[in-house]
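Note that UniProt numbering numbers the sequence shown so that position 211 is 211, with each residue one more than the last. Before any comments, here is the structure.
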Amino acid sequence: MATPSKPSEDMVFYDIAMRPPIASTCCAVNPWKSRLALNFKNIAYSTTWVPLPDIAQVRSDLGVDACRNFGDGTKFYTLPILVDRNTNTKIGDSFDIAVYLQTEYPNSGSGNLFPPQKLDFVYNLDDALLVPLSERKGDEHDEYSRFNTNVDAAFTAHLSLMAYNLPFEPATAEASRAEFIRRAGVKSWDDFEVKGEKREKIKESFHLMLGDLSKLFLKDTTGPFILGEQASYADLIVGGWLRMMRVTLPEDEWEEARGWHGGIFGRLHDSLEKYAEVK
Ligand SMILES: N[C@@H](CCC(=O)N[C@@H](CS)C(=O)NCC(=O)O)C(=O)O
């Protein structure tokens, strides 16, 4: 059976609205992974920007069930969602979106999102996470899926360096902050600000974690990606987090982190710029 190499109708991609100008403030990690994957595949799509408090409604209206739960078992409605009108498909998880794009459009854009490779990066997920990460069932692209989980855990454990500066959309900023305050069980938004010695400690741990992750990128030094010159979805997973860092870390800390470990992550971020257009 012939597989289409490129979709003919534009797809619709749902991401979280942030403060204008959106192209320089959008920073939701999982939507970023999908944007990078869509652009990698050279797919034509338009973005629908959803204010954070409206995600549950939009997701329900589309008939896409939640893929995450809060710690108490209630549904956690998230983005991204991708609607592909070419195949009448709706997908509500970034990893599933990448797998779908690869399966449905194998020859499109820059090629294979999932070239075989060993992705041996392990992060011990402690119970400090506010909201449990998604769990994947099934073993398709297992190595990448495990890597995604470990990378998400590793960065999420350091999210306190970034959360305070989230550039919320002005119209819904108060409601969005209130929701984060409720989830964290804190009293005010100021409780999210991490300063002084506590911040330095977390930065140190972040630096160490990134040092561990950087080893993967040192196996092949011919390029900025894990496989050298060939980008894969593993690079896009890390790239999604680098976008979040760029927007939400204080500028001097982002510059500092770009330079850590021989500048590996600064180089990776910049090399993924060709897939980072916000459409
Ligand atoms: N497993 C899902 C997780 C998606 C997810 O956690 N999305 C976050 C943004 S990165 C979200 O929509 N958060 C909404 C909220 O915090 O209310 C995926 O990979 O797509």
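In this text, a Cβ means the ideal position worked out from N, Cα and C, and glycines have one as well.
Taking 8 angstroms as the cut-off, the beta carbon of D235 is found closer than this to the beta carbon of F225. One thing to note: N30 has its Cβ no nearer than 8 angstroms to the Cβ of S108.
Here the region 157-169 makes contact with the region 243-253; the two share three or more CB pairs at distances below 8 angstroms. Its chain contains P115 as the residues whose beta carbon lies nearer than 7 angstroms to that of Q230, once the 5 sequence neighbours on both sides are disregarded; these appear in chain order. In this structure N150 is buried. Its beta-carbon is surrounded by 16 or more other beta-carbon atoms within 10 angstroms. If you check the C-beta of I43 against ligand 1, you find no heavy atom less than 7 angstroms away.
According to the DSSP secondary-structure assignment, S46 is paired through a beta bridge with V12. With fewer than 16 other Cβ atoms from the protein chains shown falling within 10 Å of its own Cβ, G63 counts as exposed. For P80, the distance from the CB to the nearest heavy atom of ligand 1 is below 7 angstroms.
Ranked by how close their Cα comes to the Cα of L36, the residues F147, S145, P53, F13 have F13 in first place.
DSSP, reduced to helix, strand and coil, places Q230 within a strand of the structure shown.
Every unbroken stretch of the beta strand (DSSP E) spanning 3 or more residues and falling wholly within the UniProt domain "GST N-terminal" (32-103) is given here in chain order: 45-50, 81-84, 89-91. Cβ neighbours of I97 within its own chain (closer than 7 angstroms, five residues either side excluded): S34, A37, P80, L82, I91.
Counting the other CB atoms within 10 Å of its CB gives V99 a total of 16 or more, which places it among the buried residues. Remark: the C-beta of I22 is outside contact range of ligand 1, defined as less than 7 angstroms to any heavy atom. Under the DSSP assignment, E200 falls in the alpha helix (DSSP H) whose first and last residues are 196-217. Between the alpha carbons of A153 and K198 lies a distance of about 20 angstroms.
Rounded to the nearest angstrom, the gap between the Cα atoms of K279 and T221 is 32 angstroms.
Taking D120 as reference, the option from A184, T172, S214 with the minimal CA-CA separation is S214. M245 sits in a helix when the DSSP states are folded into three classes. In this structure, L208 and V238 do not form a Cβ contact; the two beta carbons are roughly 16 angstroms apart against a cut-off of 8 angstroms.
Pairing S176 with K274, the inter-Cα distance amounts to about 31 angstroms. Scanning its chain for C-beta atoms nearer than 8 angstroms, with the 5 sequence neighbours on each side dropped, one finds around F147 the residues L119, F121, A234, I237, in chain order. Here I264 really is in contact with F217; their C-beta atoms are around 5 angstroms apart, less than 8 angstroms.
Following the DSSP letters along the chain, one finds V151 inside the alpha helix (DSSP H) bounded by residues 142-156. Its Cα nearest to that of D15, the residue T47 stands out among T47, N69, N42.
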